[in-house]
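Undergrad:
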Amino acid sequence: MFQKIKENVLYAGMNDGGRLFFDELIPLENGTSYNSYVVIGSDKTAVIDTMYPKFTQEYLKSFDENGITKVDYIIANHGEQDHSGSIPAMLEKFPDAIVVTNATCAGNLKEMLLVPAEKIQIIKNDEELFLGDKTLQFKIAPGVHWPDTMFTYIKEDNIICTCDFLGAHYIFDDVFAVPSKELEKSAKKYFAEIMMPFSTMCRKYIQLLKDLKVEMVLPSHGPVHKNPDWILDLYSDWAGERGKNLVILPYVSMYSSTKDMIDYLADKLNSKGIDTFKYDMVSGNLGDLALALVDATTIIMGTSMVLTGPHPAAFNTAYLTSVLRPKAKIASFIGSFGWGGNLFGKMSEMLAPLKLDILEPVQVKGKPKQEDFLKLDNMAEVIFNKHKELGLK
Ligand code: FEO
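First residue of the sequence shown: 1, per this note's numbering; consecutive thereafter.
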């Protein structure tokens, strides 16, 4: 059954508890939900976002089961198919309905889902759509996380549908969020993987929602926030520019030389009061790395040499780190080789877009020796001093 959020505002989404990965990349521990909302005005009915294609038939049937026989508008807050995928089927079921969205999203819907241009009404920022006793106002919000994203503000109810922004991969029975460490972790992981590259935009939209003093936040994944400050304050921290007193150490080690150095450096940093997070690039859970990247100020990557370059797992992690655009300020590399090659050049190039302060790396042949441990002592001291300069404790 659809769930009531406010009078004539209904939750019409679905849980996908069996989904193990999102984007074929992100391990999901709590599945996900694809949220859709129905707003029934005195004259017109609107549906805000639709459904992931796999569940289209079940979704369409749910309208019959809940007695929704007329839909006038389908609001597309975003063109990605986990929300827009059922639009063509909805237009078949409700042939008089019109899709309402911004110009960028309209272009995506036409190209990606073959939605006919004559079925789309394009709106501008702050434009309003009147449903009778309810008004939808559109807040075009590019960059969280596509150029086509926007929010739909239900004015009379003072609630806002933010699509992916402020979401979480999290299934639920009751649509209203119960703040917990588990939900916080899911939301943070979601932020890391979906929103972190767009932290600047996140900060702008956090302020927009704070200025509106919205009563509820209705995202497109995860539960509805009746206490918007809970999720907005978490986002303010995650999207902020200041990291924590944390060094993350992703590593791959074939004969334990690299791992021995990572362990040694981590112990040194811990002894100086700096938190560390070691991440095995081969067996670790990518979500845990993403979580740590939200907070880290320093990233030290460790890799063994494979043929003449870093282990492919190190490339993978360096690439992912680069595209997720964490707030980290400092980086370096540690590694061990057998017979030669360039261990760090390409990884350094890969991280270049982050404009990090790259410290002197430590590269050893085979096992680390006394002089190598001294270099690691020095690296720990340099990190300690730089964190201190940044005011981190
Ligand atoms: Fe949940 Fe960008 O789609």
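Note that beta-carbon positions come from the ideal geometry of N, C-alpha and C, so glycine has one too.
#1: When you compare the CB positions of residue 75 and residue 99, do they come within less than 9 angstroms of one another, or not?
#2: Count the C-beta pairs between the region 287-295 and the region 310-329 that are closer than 8 angstroms, then say yes if the count reaches three, no if not.
#3: Per DSSP, what are the beta-bridge partners of residue 161 in this structure?
#4: Just list the residues that DSSP pairs residue 370 with in beta bridges.
#5: Mind reading off the beta-carbon distance from residue 102 to residue 87? Whole number of angstroms is fine, and I expect it under 8 angstroms.
#6: So, are the CB atoms of residue 54 and residue 16 less than 9 angstroms apart?
#7: Could you tell me the boundaries of the beta strand (DSSP E) in which residue 280 lies?
#8: Check for me: the beta strand (DSSP E) holding residue 335 runs from which residue to which?
#9: Going by alpha carbons, who is nearest to residue 343 out of 196, 242, 148, 314?
#10: First and last residue of the beta strand (DSSP E) that includes residue 73?
#11: Determine, using beta carbons only, whether residue 170 and residue 206 come nearer to each other than 9 angstroms.
#12: Any C-beta of chain B sitting closer than 9 angstroms to the C-beta of residue 143?
#13: Counting only runs of 3+ residues fully inside the region 174-242, write out the beta strand (DSSP E) ranges in chain order.
#14: Please list, following the chain, all residues that have a C-beta closer than 5 angstroms to any non-hydrogen atom of the ligand FEO.
#15: Leaving aside the five residues before and after residue 281 along the sequence, list all residues of the same chain whose C-beta is less than 6 angstroms from its C-beta, in chain order.
#16: So residue 265 packs on residue 194, CB below 8 angstroms; how close in whole Å?
#17: Is it buried or exposed for residue 319, if we count other Cβ within 10 angstroms and need 16 for buried?
#18: Can residue 353 and residue 332 be called in contact, C-beta distance under 9 angstroms?
#19: I believe residue 364 touches residue 379 by the beta-carbon criterion, under 8 angstroms. Please report the beta-carbon distance rounded to the nearest angstrom.
#20: Give the secondary structure of residue 357 by DSSP, where H, G and I count as helix, E and B as strand, and everything else as coil.
#21: Note down, in chain order, each residue of its chain lying with its Cβ closer than 6 angstroms to the Cβ of residue 215, except the 5 sequence neighbours on either side.
#22: When the distance is taken between beta carbons, is residue 275 closer than 9 angstroms to residue 246?
#23: Exposed or buried, what is residue 307 when buried is set at 16 or more other beta-carbons lying within 10 Å of its beta-carbon?
#24: Are there 16 or more other CB atoms within 10 angstroms of the CB of residue 130, so buried, or fewer, so exposed?
#25: By the three-class DSSP mapping on this structure, what secondary structure does residue 348 have?
#26: Counting only the same chain and skipping the five closest in sequence on each side, list residues whose C-beta sits under 7 angstroms from that of residue 155.
#27: Once DSSP output is grouped into helix, strand and coil, what is the label at residue 287?
#28: Just the C-alpha distance for residue 208 and residue 337, rounded to the nearest angstrom, thanks.
#29: Among the candidates 121, 3, 339, whose CA atom is the shortest distance from the CA of residue 305?
#30: Looking only at its own chain, which residues have a Cβ that is under 6 angstroms from the Cβ of residue 386, when we skip the five neighbours before and after it?
#31: Is it buried or exposed, residue 219, if we count other Cβ atoms within 10 angstroms and call 16 or more buried?
#32: Hey, which unbroken runs of the beta strand (DSSP E) at 3 residues or more fall wholly within the region 79-147?
#33: Okay, do the region 109-118 and the region 170-186 touch, 3+ Cβ pairs below 8 angstroms being the bar?
#34: Please work out which residues of its chain come closer than 6 angstroms, Cβ to Cβ, to residue 121, disregarding the five sequence neighbours upstream and downstream, and give them in chain order.
#35: Determine the closest residue to residue 286 out of 242, 255, 262, 189, with distance taken between C-alpha atoms.
#36: Relative to the C-alpha of residue 395, which candidate in 25, 65, 84, 32 has its C-alpha closest?
TA: According to the structure shown:
#1: yes
#2: yes
#3: 152, 218
#4: Residue 370 pairs with nothing; no bridge assigned.
#5: At roughly 15 angstroms, the Cβ-Cβ gap does not stay under 8 angstroms, so residue 102 and residue 87 are not in contact.
#6: yes
#7: 275-280
#8: 330-337
#9: 314
#10: 73-75
#11: no
#12: You won't find chain B in this structure, because it holds only one protein chain.
#13: 216-219
#14: 80, 82, 164
#15: 250, 252, 313, 317
#16: Not confirmed; about 31 angstroms, so no contact.
#17: exposed
#18: no
#19: That pair is no contact at about 13 angstroms.
#20: strand
#21: 158, 159
#22: yes
#23: exposed
#24: exposed
#25: helix
#26: 135, 137
#27: helix
#28: 51 angstroms
#29: 339
#30: 330
#31: buried
#32: 98-101, 120-122, 128-130, 135-140
#33: no
#34: 98, 100
#35: 189
#36: Shown here, the chain extends from 1 to 393; a query on residue 395 therefore has no answer.
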